[in-house]
Ligand SMILES: O=c1[nH]cnc2c1ncn2[C@@H]1O[C@H](CO)[C@@H](O)[C@H]1O
Ligand SMILES: [Zn+2]
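Right under this line is the structure:
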């Protein structure tokens, strides 16, 4: 007998299913129309397009470069229009609204405060404007019938030298909207160990951090992030596949690092579309997520940059469902993994899993059950109230 768990979910079910997002860049998720309006308001005249649709396409094409450094060049335009309190507030509020509309119930959204100081804001003013924007977005989402909670991750840029300062900032705001720390930017030539002082500081403070590692650069970057820096999670981490051997007969051997990542349940923040654009993976079907899922790594599904990748959480799941035949049960597995790996307190994560995620998936599965019974018995009303 077929059941909901063996049927691919429909696009509508995918959108309505509760989703948890751990890796999304605030400056990689602006609405194209907002960029144009903010550019006009602030006198920024270097946008490559002034029509919203064309600008959206421009970002996707320019990011589709096959190289991480070139992908990252596109952020000059988004950061340029995010230099005032009003702009940061608006972008953060719209981010929360857009995620909620897509069925995201919990999100950790990251940005680098040091990239928003060009018009004279202080680091604190940047953090507070973004926090206020997230709270506003949560309120608007609620008014529109959605529920979302958004926490901020403060990113330090790995080529710069402000990591300790940003780590201190993350610590200062940890009970006030900020849930952790991250480093991002071009990976090659900028190993995470350059910022050991920041990571050691955060560990002394019992704080949480994730590190972009194993995206453009391979195993040494993952190894450093975990064993030298002590990262709680890995941003991408997709190159862990290089430490896994699949023999012709299908038998699989994990190297020491891959075993460590799996056995210690290190969360991997997978971002499939972003990986295709930077050539970290060749296609959805060949994305390492397929094998890593079978091997029970603690995988999560993420958007990375919704603007540059023209994506959303629902779209990332649609691609994976097409490529690997995933079901609602698989979606729930990824979602529970993500919620378990979030940086908020354990009791709150557990409540999200038990009170929001599991009932949300149970509801979707039960809809199908009732549809099935209704179509075989012909009495929707009786079945629905039984
Ligand atoms: O996939 C990625 N890998 C590394 N760095 C990234 C990625 N996506 C965005 N950023 C960088 O993070 C900064 C703060 O949000 C962005 O400005 C961008 O430079
Ligand atoms: Zn990223």
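Numbering (the working numbering), first residue to last: 18 to 403. All residues carry an ideal CB built from backbone N, CA and C; glycine is no exception.
Based on the DSSP output, what are the partners of residue 321 in its beta bridges?
Its beta-bridge partners are 41.
Tell me whether the beta-carbon of residue 224 lies closer than 9 Å to the beta-carbon of residue 184.
Yes, these two residues count as a Cβ contact at 9 Å.
Would the beta-carbon of residue 288 be found less than 8 Å away from any heavy atom of ligand 1?
Checking every heavy atom of ligand 1 against the Cβ of residue 288, one is found closer than 8 Å.
Alpha carbon to alpha carbon, how far is residue 28 from residue 331?
Computed Cα separation, rounded: 8 Å.
In terms of alpha-carbon separation, which member of 270, 67, 266 and 345 lies closest to residue 25?
It is 345 whose Cα lies nearest to the Cα of residue 25.
Please list the terminal residues of the continuous beta strand (DSSP E) segment that includes residue 123.
Taken as a continuous stretch (DSSP letters only), the beta strand (DSSP E) holding residue 123 covers 121-128.
Go through the residues and name those whose CB comes closer than 6 Å to any heavy atom of ligand 2, in chain order.
The filter returns 40, 42, 201, 229, 252 and 321, in chain order.
Counting C-beta neighbours from all protein chains within 10 Å, is the total for residue 205 16 or more, i.e. buried, or is it exposed?
By the 10 Å Cβ count, residue 205 comes out exposed.
Could you tell me if the beta carbon of residue 341 falls within a distance shorter than 8 Å of some heavy atom in ligand 1?
No - ligand 1 has no heavy atom lying nearer than 8 Å to the Cβ of residue 341.
Below 8 Å, how does it come out for the region 37-56 and the region 349-367: are there three or more Cβ pairs, yes or no?
They touch, by the three-pair rule.
Apart from the five residues on each side of it in sequence, which residues of its chain come closer than 6 Å, Cβ to Cβ, to residue 46?
Cβ neighbours of residue 46 beyond the five flanking positions: 112, 323 and 324.
Let me know the secondary structure DSSP gives residue 285 once reduced to three states.
Three-state result, residue 285: strand.
Relative to ligand 1, is the shortest distance from any of its heavy atoms to the C-beta of residue 291 smaller than 8 Å?
Flag set: Cβ of residue 291 near ligand 1.
Which of the three DSSP states, helix, strand or coil, is assigned to residue 342?
It is coil, neither helix nor strand.
Using 8 Å for Cβ pairs, my map puts residue 155 next to residue 167. What's the rounded Cβ distance?
Confirmed, about 6 Å.
Starting from residue 168, trace the beta strand (DSSP E) both ways and give me its first and last residue.
Its beta strand (DSSP E) spans residues 166-174.
Assuming residue 279 contacts residue 314 under a Cβ cut-off of 8 Å, what Cβ separation, rounded to an integer in Å, is found between them?
About 5 Å separates the two Cβ atoms, so the contact holds.
Which parts of the region 169-250 are runs of the alpha helix (DSSP H), unbroken and 4 residues or longer, counting only runs that do not cross its ends?
With a minimum length of 4 residues, the continuous alpha helix (DSSP H) runs that stay inside the region 169-250 are 180-189, 213-221 and 236-240.
So, is residue 311 buried or exposed, given that buried needs 16 or more other C-beta atoms within 10 angstroms?
Flag for residue 311 reads exposed.
For residue 285, which residues from the same chain have a beta carbon less than 8 Å from its beta carbon, with the 5 sequence-adjacent residues on both sides left out?
Excluding positions up to five away in sequence, the list reads 250, 251, 253, 254, 255, 257, 278, 309, 314, 315, 316 and 317.
List the whole-angstrom C-beta distance separating residue 232 from residue 295, where the pair is believed to meet the contact cut-off of C-beta under 8 Å.
That belief holds up - the Cβ atoms of residue 232 and residue 295 are roughly 7 Å apart, short of 8 Å.
Look at residue 341 and residue 370 and say whether their C-beta atoms are less than 9 Å apart.
Cβ distance not < 9 Å, so residue 341 and residue 370 don't count as in contact.
What are the partner residues of residue 163, as DSSP defines its beta bridges?
Beta-bridge pairing links residue 163 to no other residue.
Kindly indicate which three-state DSSP category residue 98 falls into: helix, strand or coil?
Coil at residue 98, not helix or strand.
Verify the contact flag: residue 179, CB atom, against every heavy atom of ligand 1, threshold strictly below 8 Å.
Every heavy atom of ligand 1 is 8 Å or more from the Cβ of residue 179, so no.
Cβ of residue 96 versus every heavy atom of ligand 1: is any distance shorter than 8 Å?
Residue 96 Cβ: within cutoff of ligand 1.
According to DSSP, residue 253 sits in a beta bridge with which residue or residues?
Residue 253 is bridged to 230.
Roughly how many whole angstroms lie between the Cα atoms of residue 82 and residue 71?
Cα to Cα, residue 82 sits roughly 18 Å from residue 71.
Can you grab the Cα-Cα spacing for the pair residue 385 / residue 376, in whole Å?
Roughly 14 Å between the two C-alpha positions.
Using the C-alpha atoms, what's the distance from residue 177 back to residue 140?
For residue 140 and residue 177, the distance between alpha carbons rounds to 15 Å.
Does the Cβ-Cβ distance between residue 300 and residue 320 come in under 9 Å?
In this structure, residue 320 does not lie closer than 9 Å to residue 300 by Cβ.
Given that a residue counts as buried once 16 or more other Cβ atoms are within 10 Å of its Cβ, and exposed if not, what is residue 67?
Residue 67 comes out exposed.
Nearer than 8 Å: is that true of the beta carbon of residue 346 relative to any heavy atom of ligand 1?
For ligand 1, not one heavy atom lies less than 8 Å from the Cβ of residue 346.
Would residue 349 pass as an interface residue toward chain B - the criterion being a Cβ-Cβ separation below 9 Å?
Given the protein chain composition of this structure (a single chain), no chain B is represented.
Out of 361, 287 and 365, state which residue places its alpha-carbon closest to the alpha-carbon of residue 333.
Measuring from the Cα of residue 333, the nearest candidate turns out to be 287.
Given this structure, state the Cα-to-Cα distance separating residue 268 from residue 125, to the nearest angstrom.
Residue 268 and residue 125: Cα-Cα distance of roughly 37 Å.
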